[in-house]
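**Student:**
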Amino acid sequence: MAGHSKWANIQHRKGRQDAKRGKVFTKLIKEITVAARMGGGDPNFNPRLRLAVDNAKTQNMPGENIDRAIKRGTGELDGVSYEESRYEGYGIAGAAVMVDCLTDNKTRTVADVRHAFSKYGGNMGTDGCVAFQFKHCGQLMFAPGTNEDALMEAALEAGAEDVIPNDDGSIEVVTAPYEFSSVKEALEKAGFKAEFGEVTMKPLNETELEGDEAARMQKLLDALDSLDDVQNVYTSAVLDEE
């Protein structure tokens, strides 16, 4: 998109995530527990668990914490049982918003999410109202100046789905969700280290917001993300904050 810098926006998002690291371990433990419960405790045969464990290691979570979370998931240790839930709606200027939660009380969670939407200028919608506007995928972002031809060759050889050069010079590599870790590892072996990477719900179309609208949208996203039961918040909004 010509109207904003992909690189600046991804750096802005990364900075906000880094500032909220206190909640990261809690989210990761929940995800590991649920992944182990649903697909078993062996990461070699459970792609979702492997990804969760890789993410935990990236965040320097101690191995004993990871092991305990897996054992809680498989029932070897007692623990809270979490359920997955997803809520969808619209933010400022109709930007799509999707909120993924892990909760032990859906009644509490839906009330909290609905309250955040209404308090900060959004509207909670029905199931499926915006999900079709997103693609579940892995996303690796490389800094401007990266050799595009060499990266493209290495990425496609590693099994990436797509390589997208942006107007600002940054390059995005898109993977299947559970191929993210293997593609990332292969690219690092080839000498390409991503500045930012995650498995996400990537918007198929984006809504650019500036000034007051961008600030209001950020408040809504922050309010949703701060809720204890919320794991991830995805949006089609691109915030060009001055």
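Letter by letter, the sequence shown follows residues 1346 to 1587 in my numbering.
Cβ coordinates follow ideal geometry from the N, Cα and C atoms, glycine included.
#1: Rounded to whole angstroms, what is the Cα-Cα separation between T1371 and V1583?
#2: I'd like the list of long-range same chain contacts for M1346, defined as Cβ closer than 6 Å, with 5 residues on each side in sequence excluded.
#3: For K1529, count neighbouring Cβ atoms within 10 angstroms of its own Cβ and tell me buried if that reaches 16, exposed if not.
#4: Quick one: using the 10 Å Cβ neighbour count with 16 as the cut-off for buried, is M1562 buried or exposed?
#5: Taking the runs of the alpha helix (DSSP H) that are 4 residues or longer, which of them lie wholly in the segment 1423–1464?
#6: Helix, strand or coil, according to DSSP, for P1522 in the structure here?
#7: Please report how far the alpha carbon of A1488 lies from the alpha carbon of L1496, in whole angstroms.
#8: Does the beta-carbon of N1400 have 16 or more other beta-carbons within 10 angstroms, so that it is buried, or is it exposed?
#9: Can you check DSSP and say which residues form a bridge with I1509?
#10: In terms of DSSP beta bridges, what is D1585 paired with?
#11: Which residues bound the alpha helix (DSSP H) around F1370?
#12: Between the segment 1523–1538 and the segment 1474–1485, do three or more beta carbon pairs fall short of 8 Å?
#13: So, does the CB of N1550 fall closer than 8 Å to a CB anywhere in chain D?
#14: For I1377 and A1414, what's the separation of their Cα atoms in angstroms?
#15: May I ask you to report which of helix, strand or coil DSSP gives F1487?
#16: Whose C-alpha, out of N1511, A1503, V1475 and C1474, is nearest the C-alpha of T1491?
#17: Identify every residue that forms a DSSP beta bridge with F1479.
#18: Should the segment 1448–1463 be called in touch with the segment 1427–1439, which here means at least 3 C-beta pairs below 8 Å?
#19: What's the C-alpha gap between E1540 and L1572?
#20: Does Q1576 come out as helix, strand or coil in the three-state DSSP assignment?
**Tutor:** Per the coordinate set shown:
#1: 27 Å
#2: Bear in mind that the predicted position of M1346 carries a pLDDT of just 35, short of 50, making it unreliable; the figure below should be weighed with that in mind. Once the five neighbours on either side are set aside, M1346 has no close Cβ partner at all.
#3: buried
#4: buried
#5: 1451–1464
#6: helix
#7: 11 Å
#8: buried
#9: E1517
#10: E1555
#11: V1369 to G1384
#12: yes
#13: Absent from the structure: chain D. Only one protein chain is present.
#14: 6 Å
#15: strand
#16: N1511
#17: P1548
#18: yes
#19: 27 Å
#20: strand
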